[in-house]
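The sequence shown runs 0 to 54 under numbering that gives the first Met the number 0.
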Amino acid sequence: MVDKEDLLKQAEDIHSGLKRLSLKNRKVVMPHHKEFELIEELEELSIDLIEKLKK
0 MVDKEDLLKQ AEDIHSGLKR LSLKNRKVVM PHHKEFELIE ELEELSIDLI
50 EKLKK
């Protein structure tokens, strides 16, 4: 059984990353390579979260 706190932490990490990419919350311009790295990180987190929820 997957720990609820672990799932919540992953969901919060995804939310935090999306806020950093959001135009309305961004205070500085992020270099493109950093945006791509963040998108890949969020993609990995979401895939892991989906797999855990399927169990």
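Virtual Cβ for every residue (Gly too), placed ideally from N, Cα, C.
{"query": "Residue 17: first and last residue of the uninterrupted alpha helix (DSSP H) it sits in", "result": "3–20"}
{"query": "Runs of alpha helix (DSSP H) wholly within the stretch 29–53 (minimum 4 residues, chain order)", "result": "31–53"}
{"query": "Own chain residues within Cβ distance below 8 Å of residue 17, not counting five before or after", "result": "41"}
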